[in-house]
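2 is the number of the first residue of the sequence shown in the working numbering; add one for each residue after it. C-beta atoms are modelled at their ideal positions from N, C-alpha and C, and glycine is treated no differently.
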Amino acid sequence: MPGRLDSKIAVITGSSSGIGRAIALLYAREGAIVVCSDIREEVRMPENEKLPGTTVEEITKLGGKAIYVHCDTTNSEQVQNLVKTAVKEFGRLDVMVNNAGIAAEASLPAPTPIYDYPESSFETSLSVNVRGVFLGTKYASLVMKDQSPFGDSGDRGWIINTASVLGLNGSPNTAGYSTSKHAVLGLTKSSALDLAPLRIHVNAICPGYTATSFIGPVLTNADARAKIDALHPFGGIGKVDDVARVALFLASEDAGWVTGTGVVVDGGY
């Protein structure tokens, strides 16, 4: 039985760990050909330990097809090369998942309110989390708009951006991250209107706290973990597969009438 993404060509940034890796593996299991991209190829797990092997190697073990392309998503030339490589290798680009991101606050020595927040951390947040999504959307849509629709769907492409529940709500000490994720949602909605006449879907995913290397320190601190767990009505924090399944839906025919929205995946946070 064909998978839900059978024969679709999907580019996924930030695919070497966390949510991006989970999306890449699920897409491959559902029949997509996956172009994995990141600034490093090795796998990094929630507690920040490195594992042998890569996402591409894991997909190959599953019987899928994938390649790796190094890409710093803040660099326009590298993003253009990523898109061009997908088209050169596989003939088209159907799904673009702009997932690469950063939480600059994690590198600060302590929780930092706006009056102490470093300008450099704010600029880094916008560069990776907003510029990266802008470039991915721009150059993916440039290809998608001129290609033939996929199968009988009438759709030319699916763009999925990783935002956050902090793109919908404020949170103390997250000036850079929260601002950048609000911007991702704005970019998603604006781009969706630009691209709807071309039958290109643009949507976002808004994860809550999820077990990734982003929140590694929380996972290893029992008190902090208990406080975070208590904020979730479903109990505990989310798993990367919870988010990946929503990314699968948004790239599938099931989301044929969905564009310009952010889907919240947060266990009721």
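Practice problem: Inspect the beta-carbon positions of G65 and V35 and report whether they are closer than 8 Å. | Solution: yes
Self-check item: Reference L27, options G268, A11 and I40, closest by Cα
Solution: A11
Exercise. Please state if the CB of T75 and the CB of A105 are separated by a distance shorter than 8 Å.
Key: Their beta carbons are not under 8 Å apart, which means A105 does not touch T75 by this criterion.
Quiz item: Does the count of Cβ pairs from the stretch 199–206 and the stretch 172–180 closer than 8 Å reach three?
Solution: no
Quiz item: According to DSSP, is P150 helix, strand or coil?
Solution: coil
Practice problem: Taking all protein chains shown into account, decide if W258 is buried (16 or more other Cβ within 10 angstroms of its Cβ) or exposed. | Solution: exposed
Quiz item: With burial defined as no fewer than 16 other Cβ atoms inside 10 Å of the residue's Cβ, what is the status of H71: buried or exposed?
Solution: exposed
Exercise. With a cut-off of 8 Å on the beta carbons, I'd call L143 and V80 a contact; round off their distance for me.
Key: Not confirmed; about 11 Å, so no contact.
Exercise. Below 7 Å CB to CB, which residues in the same chain sit around I103 once its five sequence neighbours on both sides are set aside?
Key: T125, S126, V129 and N130
Quiz item: Along the chain, where does the beta strand (DSSP E) that runs through R45 open and close?
Solution: E43 to R45
Quiz item: Taking the alpha-carbon positions, what's the N170 to V88 distance?
Solution: 37 Å
Quiz item: Can you list, in chain order, the stretches of the alpha helix (DSSP H) that have 4 or more residues and sit fully within the stretch 109–148?
Solution: 120–127 and 133–145
Practice problem: Would you mind stating whether I160 and T138 have Cβ atoms separated by less than 8 Å? | Solution: In contact: I160 and T138 (Cβ atoms closer than 8 Å).
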